[in-house]
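Colleague: Got a structure for you, written out below as structure tokens; questions coming shortly.
Protein chains in written order, with the numbering used here: chain A, 54 to 356; chain B, 1234 to 1582.
Now the structure itself:
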């Protein structure tokens, strides 16, 4: 049976981990922002910027880890912009996020075209190579970094004072303020850290998965991460699981496409991940326990 | 220092806010232009000339503004009712899809009916596309931002599938494009020997009608009340769910009409690059207009001018035309801040 063969092959699970990496990083990033009470719809643009900035740093002669750092830094800066507009100024998180996405995307394309005015075939770099390990363990370092970060985010959120502060400003900012915490400061910090993770998700695409930057290469992955956060009910462990499940499904449909490609147009298979995300949202919406202060701006002394 | 709400924002301030935002955005983007080494003032001069400098430029800008007015209205009516429709791009393509099917040779509708049917069908297709997420929102509490965003990708794949399958033009030399609509389904040109078509008048009329509905009817009053405070509106006996669904149909319908008008008025057939992000730019248009239907017209012409002008400018200078997208995004963020300053004032506490 072909389907069983697919699920048992090491190549399949190698692909699952590879496909899951940007979703793991992006979902963790969005999760950190939302746990602090800030919806970050800038994710799609921040991922694009991370992909472009990381690639560009390497293309200009930096080494690969410099590229990763540059991407994270750019992500944190975009996060700072989003946080300043939505936290102290209390602007609509929906519209600001869309603005950040438009800015991140257009800025990436502008800079790319400026540096490479007439590149018809995108120039390439030497990307991260898979580690010399057997079977599905042969992944690039960024995949391992993503898995480590899932553990780290869970640890920080639930086992450290910083994590407690982040969860508190997302649930009950007035109580956090009464404890002497700066709601504004914690939220800005969380959004910056989360946005840096999103940018890493983008950088994985250009530094590990491929070796070049393409327009539209993020292709809705950021929006899927937002759905995955809801699906994971804002828990890092479940987010990792959700991202892996989603990636397994994606890898499976890619292989199914090769088998059943003659019967159904390939677009049907490509639609499935998006439809699956919507379905997942519908299934969990009823019992979603979102952070109580999500999307509610906090102004000192205002009730 | 703290922010204090203004009891009443004078019209002058409300009009000044978008102007201030645009000036700030132009100043910020001047840094990006200067980075290329091009003279900033000359670059902006060329941009304005490219957008407004000749009869041709002006008609091009208005042609570009037509779908932007419609998607801007789509965003404005939805955002007013706090329905976060970010899926205008997908709804636009559904409208375009309906228009090529209804206006195509396949159905061969009677000549007098084909144009109205293509436009109405386009609007309906767009409206129904948004109705899905709206029903999920009111029925299951599913956040409509993510569902409308994800549907954009589904719709584009659907269009791609049909353009390579059932709707593929046999005369299209293998390109993924549909067969053209019949001649009777074409919107007449507004100015001879230009691309400007009657869709503009349609969009303008709809802006005025929406403004009248908004200010003069119970419908508009209910929409605003539900947007301002759905709980209070429900206590006042307003049918909140029905208002939401009706707003979804209207908003999606406007975006669908934008797609149908692009097909019937400008392109004549459907391709995957029908819209360079009109759905997303519509959000910026609506915000610059502060969600006012008549303001949408001005904001749409402005945004269209930036896109048309930047194309002309980038032909003459080494500034990539993506500067237009950066300008539009920066304008949106600046407008959010300007809107805040219009609604609040800074007080020393």
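Glycine residues also receive a C-beta, built at the ideal position from the N, C-alpha and C atoms.
In this structure, how does DSSP classify residue 135 of chain A when only helix, strand and coil are distinguished?
Modeller: Residue numbering aside, residue 135 of chain A sits at position 82 when the first chain is read from its first letter. Three-state DSSP puts residue 135 of chain A in a helix.
Colleague: Hey, could you find the ends of the beta strand (DSSP E) residue 1579 of chain B is sitting in?
Modeller: Taking the first residue of the second chain as position 1, residue 1579 of chain B is located at position 346. 1577 to 1580 is the span of the beta strand (DSSP E), which, as asked, contains residue 1579 of chain B.
Colleague: If contacts are defined as beta-carbon pairs under 8 Å, then residue 148 of chain A and residue 1350 of chain B qualify, I think. What distance do you get, rounded to the angstrom?
Modeller: Here residue 148 of chain A is taken as the residue at index 95 of the first chain, counted from 1. Here residue 1350 of chain B is taken as the residue at index 117 of the second chain, counted from 1. That pair is no contact at about 35 Å.
Colleague: From what residue to what residue does the beta strand (DSSP E) around residue 339 of chain A run?
Modeller: The count along the first chain starts at 1 and reaches residue 339 of chain A at position 286. Where residue 339 of chain A is concerned, there is no enclosing beta strand (DSSP E), given that its DSSP letter is neither H nor E.
Colleague: What are the residues that DSSP puts in a beta bridge with residue 1411 of chain B?
Modeller: For the purposes of this step, residue 1411 of chain B is identified with residue 178 of the second chain, where counting begins at 1. Answer by DSSP bridge pairing, in chain order: B/1401.
Colleague: Would you kindly check if the distance between the Cβ of residue 105 of chain A and the Cβ of residue 161 of chain A is under 8 Å?
Modeller: For the purposes of this step, residue 161 of chain A is taken as residue 108 along the first chain, with counting starting at 1. For the purposes of this step, residue 105 of chain A is taken as residue 52 along the first chain, with counting starting at 1. Yes. Within cutoff.
Colleague: Are the Cβ atoms of residue 1276 of chain B and residue 1552 of chain B separated by less than 8 Å?
Modeller: Here residue 1276 of chain B refers to the residue found at position 43 when the second chain is read from its first residue. Here residue 1552 of chain B refers to the residue found at position 319 when the second chain is read from its first residue. Cβ distance < 8 Å, so residue 1276 of chain B and residue 1552 of chain B count as in contact.
Colleague: Kindly list the residues whose CB is nearer than 8 Å to the CB of residue 1451 of chain B, restricted to its own chain and excluding five residues on each side of it in sequence; keep chain order.
Modeller: Position 218 of the second chain, counting from 1, holds the residue named residue 1451 of chain B. Closer than 8 Å at Cβ, skipping near neighbours: no residue.
Colleague: Determine, using beta carbons only, whether residue 80 of chain A comes closer than 8 Å to chain B.
Modeller: The count along the first chain starts at 1 and reaches residue 80 of chain A at position 27. Not an interface residue.
Colleague: Which ranges would you report for the alpha helix (DSSP H) in the region 1317 to 1360 of chain B if only whole runs of at least 4 residues count?
Modeller: 1321 to 1336
Colleague: Return the CA-CA distance between residue 1505 of chain B and residue 184 of chain A, expressed in angstroms with no decimal places.
Modeller: The residue labelled residue 1505 of chain B in the question sits at position 272 within the second chain. The residue labelled residue 184 of chain A in the question sits at position 131 within the first chain. Each residue's alpha carbon lies about 40 Å from the other.
Colleague: Taking only beta-carbon atoms, is residue 237 of chain A less than 8 Å away from chain B?
Modeller: By one-based count along the first chain, residue 237 of chain A stands at place 184. So no, residue 237 of chain A is outside the interface.
Colleague: For residue 222 of chain A, which residues from the same chain have a beta carbon less than 8 Å from its beta carbon, with the 5 sequence-adjacent residues on both sides left out?
Modeller: Position 169 of the first chain, counted from the first residue, corresponds to residue 222 of chain A. The residues are 89, 90, 229, 234, 236, 239, 240, 243, 346, 351.
Colleague: Any beta-carbon of chain A closer than 8 Å to the one on residue 1504 of chain B?
Modeller: Position 271 of the second chain, counted from the first residue, corresponds to residue 1504 of chain B. No, no contact with chain A.
Colleague: Could you give the uninterrupted runs of the alpha helix (DSSP H) lying entirely in the region 107 to 155 of chain A, keeping only those of 4 residues or more?
Modeller: Positions of the alpha helix (DSSP H) runs, each at least 4 residues long and wholly inside the region 107 to 155 of chain A, are given as 117 to 139 in order along the chain.
Colleague: Using 8 Å as the limit for Cβ to Cβ distance, is residue 1408 of chain B near chain A?
Modeller: Here the question's residue 1408 of chain B lines up with position 175 in the second chain. It does not: the Cβ of residue 1408 of chain B has no partner Cβ on chain A nearer than 8 Å.
Colleague: Using a Cβ cut-off of 7 Å, pull out every chain B residue sitting near residue 338 of chain A, in sequence order please.
Modeller: Here the question's residue 338 of chain A lines up with position 285 in the first chain. Here the neighbours are 1373, 1374, 1375.
Colleague: From A/280, A/71, A/85, A/62, pick the residue whose C-alpha is nearest to that of residue 220 of chain A; which is it?
Modeller: Here residue 220 of chain A corresponds to residue number 167 of the first chain, with the count starting at 1. Closest by alpha carbon: A/85.
Colleague: Please check the pair residue 1542 of chain B and residue 1281 of chain B, which I expect to be a contact at CB under 8 Å, by giving their CB distance rounded to whole angstroms.
Modeller: Working through the second chain from its first residue, we reach residue 1542 of chain B at position 309. Working through the second chain from its first residue, we reach residue 1281 of chain B at position 48. Confirmed, about 6 Å.
Colleague: Chain B beta carbons: is any one of them nearer than 8 Å to that of residue 68 of chain A?
Modeller: Locating residue 68 of chain A in the first chain gives position 15, counting from the first residue. For residue 68 of chain A, the answer is no, since every Cβ of chain B falls outside 8 Å of its Cβ.
Colleague: What's the C-alpha gap between residue 163 of chain A and residue 1445 of chain B?
Modeller: Translated into positions along the first chain, residue 163 of chain A becomes position 110. Translated into positions along the second chain, residue 1445 of chain B becomes position 212. Roughly 41 Å between the two C-alpha positions.
Colleague: Keeping to the same chain, check which residues put their C-beta closer than 8 Å to that of residue 1283 of chain B; ignore five residues upstream and five downstream.
Modeller: Looking up residue 1283 of chain B in the second chain gives position 50. Excluding residues within five positions, the ones whose Cβ falls inside 8 Å are 1290, 1541, 1542, 1543, 1544, 1545, 1546.
Colleague: Does the count of Cβ pairs from the region 1469 to 1484 of chain B and the region 1285 to 1300 of chain B closer than 8 Å reach three?
Modeller: no
Colleague: Would you call residue 1385 of chain B buried or exposed, if buried means 16 or more other Cβ atoms sit within 10 Å of its Cβ?
Modeller: On the second chain, position 152 is the one that residue 1385 of chain B refers to. Residue 1385 of chain B comes out buried.
Colleague: Closest to residue 182 of chain A by CA distance: which of A/168, A/60, A/263, A/216 is it?
Modeller: Residue 182 of chain A sits at position 129 when you count from the first residue of the first chain. Ranking A/168, A/60, A/263, A/216 by Cα distance to residue 182 of chain A puts A/263 first.
Colleague: For residue 177 of chain A, count neighbouring Cβ atoms within 10 angstroms of its own Cβ and tell me buried if that reaches 16, exposed if not.
Modeller: Sequence index remark: in the first chain, residue 177 of chain A carries index 124 (1-based). Burial call: exposed.
Colleague: Mind the definition here: the region 1323 to 1335 of chain B touches the region 1485 to 1497 of chain B only if three or more C-beta pairs lie below 8 Å; say whether that holds.
Modeller: yes
Colleague: Pick out whichever of B/1508, B/1400, B/1292 has its Cα sitting closest to the Cα of residue 1338 of chain B.
Modeller: Translated into positions along the second chain, residue 1338 of chain B becomes position 105. If we check each option's Cα against that of residue 1338 of chain B, B/1400 comes out closest.
Colleague: For residue 92 of chain A, which three-state DSSP category applies?
Modeller: If you number the first chain from 1, residue 92 of chain A lands on position 39. Three-state DSSP puts residue 92 of chain A in coil, outside helix and strand.
Colleague: Verify the CB distance criterion: does residue 1558 of chain B have a CB-CB separation below 8 Å to chain A?
Modeller: For the purposes of this step, residue 1558 of chain B is taken as the residue at position 325 of the second chain. Chain A, which has a Cβ nearer than 8 Å to the Cβ of residue 1558 of chain B, makes this yes.
Colleague: Decide if residue 284 of chain A is buried, meaning its Cβ has at least 16 other Cβ atoms within 10 Å, or exposed.
Modeller: Counting from one through the first chain, the residue named residue 284 of chain A turns up at place 231. A residue is called buried when at least 16 other Cβ atoms come within 10 angstroms of its Cβ; residue 284 of chain A meets this threshold and is buried.
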